[in-house]
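See below for the structure under consideration.
In this note's numbering, the protein residues as written are -5 to 198.
This is how it looks when you write it as C-alpha coordinates:
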(Lines of atoms letter the chains of each structure in order from A and count residues from 1; the text may use other names and numbers.)
(Lines give C-alpha, C1' and ligand atoms only; values in the text may rest on other atoms or scores of the structure.)
Protein backbone atom coordinates (compact mmCIF):
# COMPACT_ATOMS: atom_id res chain seq x y z
CA UNK A 1 0.00 0.00 0.00
CA UNK A 2 1.32 3.41 -0.96
CA UNK A 3 1.93 5.95 1.80
CA UNK A 4 0.05 9.27 1.73
CA UNK A 5 2.14 12.07 0.15
CA UNK A 6 2.83 13.75 3.51
CA UNK A 7 4.07 10.53 5.10
CA UNK A 8 6.14 9.72 2.01
CA UNK A 9 7.91 13.08 2.27
CA UNK A 10 8.54 12.59 5.99
CA UNK A 11 9.89 9.08 5.43
CA UNK A 12 12.20 10.36 2.69
CA UNK A 13 13.43 13.18 4.91
CA UNK A 14 14.21 10.71 7.70
CA UNK A 15 16.07 8.45 5.30
CA UNK A 16 18.12 11.35 3.91
CA UNK A 17 18.93 12.51 7.45
CA UNK A 18 20.03 9.00 8.40
CA UNK A 19 22.24 8.72 5.31
CA UNK A 20 23.86 12.09 6.01
CA UNK A 21 24.60 11.03 9.58
CA UNK A 22 26.09 7.76 8.34
CA UNK A 23 28.28 9.57 5.80
CA UNK A 24 29.47 11.99 8.50
CA UNK A 25 30.38 9.06 10.77
CA UNK A 26 32.29 7.38 7.94
CA UNK A 27 34.18 10.61 7.23
CA UNK A 28 35.19 10.91 10.90
CA UNK A 29 36.23 7.26 10.96
CA UNK A 30 38.35 7.71 7.81
CA UNK A 31 40.04 10.75 9.32
CA UNK A 32 40.68 8.86 12.57
CA UNK A 33 42.25 5.94 10.69
CA UNK A 34 44.49 8.31 8.72
CA UNK A 35 45.56 10.02 11.95
CA UNK A 36 46.22 6.63 13.53
CA UNK A 37 48.43 5.57 10.62
CA UNK A 38 50.39 8.83 10.85
CA UNK A 39 50.85 8.44 14.60
CA UNK A 40 52.01 4.82 14.39
CA UNK A 41 54.43 5.67 11.57
CA UNK A 42 55.93 8.48 13.66
CA UNK A 43 56.25 6.26 16.73
CA UNK A 44 58.00 3.55 14.72
CA UNK A 45 60.49 6.12 13.45
CA UNK A 46 61.06 7.51 16.96
CA UNK A 47 61.60 4.02 18.39
CA UNK A 48 64.33 3.45 15.80
CA UNK A 49 66.26 6.65 16.57
CA UNK A 50 65.77 7.22 20.31
CA UNK A 51 65.37 5.27 23.54
CA UNK A 52 64.32 5.78 27.13
CA UNK A 53 63.06 9.16 28.29
CA UNK A 54 63.90 10.85 25.00
CA UNK A 55 61.77 8.37 23.06
CA UNK A 56 58.94 8.68 25.58
CA UNK A 57 58.90 12.47 25.48
CA UNK A 58 59.04 12.47 21.68
CA UNK A 59 55.96 10.23 21.57
CA UNK A 60 54.06 12.44 24.03
CA UNK A 61 54.91 15.55 22.03
CA UNK A 62 53.76 13.85 18.82
CA UNK A 63 50.44 12.87 20.44
CA UNK A 64 49.78 16.41 21.69
CA UNK A 65 50.73 18.07 18.41
CA UNK A 66 48.71 15.74 16.18
CA UNK A 67 45.67 15.96 18.48
CA UNK A 68 45.93 19.74 18.63
CA UNK A 69 46.11 20.03 14.85
CA UNK A 70 43.21 17.63 14.23
CA UNK A 71 40.88 19.43 16.65
CA UNK A 72 42.18 22.95 15.87
CA UNK A 73 42.93 23.38 19.56
CA UNK A 74 45.28 26.16 20.62
CA UNK A 75 47.08 24.38 23.46
CA UNK A 76 47.41 20.86 24.85
CA UNK A 77 48.57 19.10 28.01
CA UNK A 78 49.21 15.38 28.39
CA UNK A 79 49.75 13.32 31.54
CA UNK A 80 51.10 9.77 31.44
CA UNK A 81 50.34 7.50 34.40
CA UNK A 82 51.80 4.27 35.75
CA UNK A 83 49.87 1.25 37.06
CA UNK A 84 49.41 2.98 40.44
CA UNK A 85 47.92 6.11 38.88
CA UNK A 86 51.05 8.19 39.50
CA UNK A 87 52.10 10.73 36.85
CA UNK A 88 55.37 9.53 35.35
CA UNK A 89 55.73 12.02 32.49
CA UNK A 90 53.86 15.10 31.32
CA UNK A 91 53.63 17.82 28.71
CA UNK A 92 52.15 21.08 30.00
CA UNK A 93 50.46 23.66 27.79
CA UNK A 94 52.41 26.44 29.52
CA UNK A 95 55.71 24.93 28.35
CA UNK A 96 58.86 24.25 30.40
CA UNK A 97 58.14 24.72 34.11
CA UNK A 98 60.17 24.45 37.31
CA UNK A 99 59.76 21.04 38.96
CA UNK A 100 58.04 22.33 42.13
CA UNK A 101 55.57 24.45 40.17
CA UNK A 102 54.92 21.60 37.74
CA UNK A 103 54.18 19.18 40.58
CA UNK A 104 51.85 21.73 42.18
CA UNK A 105 49.91 22.39 38.96
CA UNK A 106 49.49 18.70 38.17
CA UNK A 107 48.43 17.96 41.74
CA UNK A 108 45.79 20.69 41.68
CA UNK A 109 44.42 19.57 38.30
CA UNK A 110 44.12 15.94 39.42
CA UNK A 111 42.68 16.86 42.81
CA UNK A 112 40.22 19.63 41.92
CA UNK A 113 40.23 20.13 38.16
CA UNK A 114 39.02 18.67 34.89
CA UNK A 115 41.81 16.10 34.66
CA UNK A 116 40.83 14.72 38.06
CA UNK A 117 37.17 14.50 37.02
CA UNK A 118 38.13 12.53 33.90
CA UNK A 119 40.46 10.27 35.91
CA UNK A 120 37.71 9.47 38.41
CA UNK A 121 34.89 8.87 35.92
CA UNK A 122 37.03 7.40 33.12
CA UNK A 123 35.17 9.31 30.42
CA UNK A 124 35.66 12.26 28.12
CA UNK A 125 34.59 15.72 29.27
CA UNK A 126 33.73 18.84 27.28
CA UNK A 127 33.96 22.28 28.90
CA UNK A 128 31.97 24.64 26.70
CA UNK A 129 32.71 27.73 28.80
CA UNK A 130 35.68 27.59 31.16
CA UNK A 131 34.38 30.55 33.18
CA UNK A 132 31.10 28.78 33.94
CA UNK A 133 32.28 25.18 34.50
CA UNK A 134 33.63 24.57 38.00
CA UNK A 135 35.71 21.63 36.76
CA UNK A 136 38.06 24.05 35.05
CA UNK A 137 40.76 25.69 37.19
CA UNK A 138 42.15 29.10 36.25
CA UNK A 139 45.67 29.50 37.63
CA UNK A 140 47.37 32.81 38.36
CA UNK A 141 49.99 33.83 35.80
CA UNK A 142 48.51 31.39 33.29
CA UNK A 143 50.25 32.29 30.00
CA UNK A 144 47.32 31.38 27.77
CA UNK A 145 43.58 32.02 27.66
CA UNK A 146 41.09 29.17 27.98
CA UNK A 147 37.52 29.61 26.78
CA UNK A 148 36.70 25.93 26.24
CA UNK A 149 38.35 22.56 26.74
CA UNK A 150 38.15 18.89 25.84
CA UNK A 151 39.68 16.27 28.15
CA UNK A 152 40.18 12.66 27.02
CA UNK A 153 41.21 9.59 29.04
CA UNK A 154 43.26 6.83 27.40
CA UNK A 155 42.50 3.38 28.74
CA UNK A 156 43.67 -0.20 28.46
CA UNK A 157 40.74 -2.05 29.97
CA UNK A 158 40.16 -0.28 33.29
CA UNK A 159 43.78 0.93 33.51
CA UNK A 160 44.21 4.67 32.94
CA UNK A 161 47.28 5.23 30.75
CA UNK A 162 47.03 8.95 30.18
CA UNK A 163 44.92 12.11 30.13
CA UNK A 164 44.97 14.65 27.29
CA UNK A 165 43.52 18.14 27.73
CA UNK A 166 42.95 20.32 24.66
CA UNK A 167 42.05 23.99 25.04
CA UNK A 168 40.94 26.91 22.90
CA UNK A 169 40.61 30.61 23.77
CA UNK A 170 37.05 30.76 22.41
CA UNK A 171 34.03 29.27 24.17
CA UNK A 172 32.18 26.31 22.62
CA UNK A 173 35.05 25.47 20.26
CA UNK A 174 34.86 21.74 21.01
CA UNK A 175 31.75 20.34 19.35
CA UNK A 176 30.13 16.92 19.53
CA UNK A 177 31.72 16.10 16.15
CA UNK A 178 35.18 16.83 17.56
CA UNK A 179 34.42 14.74 20.64
CA UNK A 180 33.14 11.87 18.47
CA UNK A 181 36.29 12.01 16.36
CA UNK A 182 38.55 11.92 19.43
CA UNK A 183 36.57 8.93 20.73
CA UNK A 184 37.46 7.11 17.50
CA UNK A 185 41.09 8.25 17.63
CA UNK A 186 41.72 7.69 21.36
CA UNK A 187 42.29 3.88 21.14
CA UNK A 188 45.27 4.56 18.84
CA UNK A 189 46.70 6.99 21.39
CA UNK A 190 46.18 4.41 24.15
CA UNK A 191 48.18 1.90 22.08
CA UNK A 192 50.92 4.50 21.56
CA UNK A 193 51.13 5.22 25.30
CA UNK A 194 51.18 1.53 26.14
CA UNK A 195 53.97 1.01 23.60
CA UNK A 196 55.96 3.87 25.12
CA UNK A 197 55.56 2.41 28.62
CA UNK A 198 56.69 -1.01 27.41
CA UNK A 199 59.73 0.36 25.59
CA UNK A 200 60.71 2.40 28.64
CA UNK A 201 60.50 -0.71 30.82
CA UNK A 202 62.57 -2.77 28.38
CA UNK A 203 65.27 -0.12 28.09
CA UNK A 204 65.46 0.80 31.77
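In this text, a Cβ means the ideal position worked out from N, Cα and C, and glycines have one as well.
task: For residue 188, name the three-state secondary structure that DSSP assigns.
output: By one-based count along the chain shown, residue 188 stands at place 194. Per DSSP, reduced to three states, the secondary structure at residue 188 is helical.
- prompt: Would DSSP call residue 154 helix, strand or coil?
  reply: Here residue 154 is taken as the residue at index 160 of the chain shown, counted from 1. Of the three classes helix, strand and coil, the one that applies to residue 154 here is strand, per DSSP.
- request: Tell me whether residue 134 sits in a helix, a strand or coil according to DSSP, three-state version.
  value: Here residue 134 is taken as the residue at index 140 of the chain shown, counted from 1. If DSSP states are grouped into helix, strand and coil, residue 134 belongs with coil.
Cβ-Cβ separation, residue 162 to residue 142 (assumed contact under 8 Å), whole Å: In the chain shown, counting from the first residue as 1, residue 142 sits at position 148. In the chain shown, counting from the first residue as 1, residue 162 sits at position 168. So it is a contact: roughly 5 Å between Cβ atoms.
- prompt: In whole angstroms, what is the alpha-carbon distance linking residue 65 and residue 160?
  reply: As a working note, residue 65 is residue 71 in the chain shown. As a working note, residue 160 is residue 166 in the chain shown. Residue 65 and residue 160: Cα-Cα distance of roughly 8 Å.
task: Measuring alpha carbon to alpha carbon, tell me which of 59, 62, 33 and 117 ends up nearest residue 177.
output: Here residue 177 refers to the residue found at position 183 when the chain shown is read from its first residue. Out of 59, 62, 33 and 117, 117 has the C-alpha closest to the C-alpha of residue 177.
task: For residue 165, name the three-state secondary structure that DSSP assigns.
output: Looking up residue 165 in the chain shown gives position 171. If DSSP states are grouped into helix, strand and coil, residue 165 belongs with coil.
query: Does the segment 139 to 155 touch the segment 184 to 196, meaning 3 or more C-beta pairs lie closer than 8 Å?
result: Contact between the segment 184 to 196 and the segment 139 to 155 is present, because at least three Cβ pairs lie under 8 Å.
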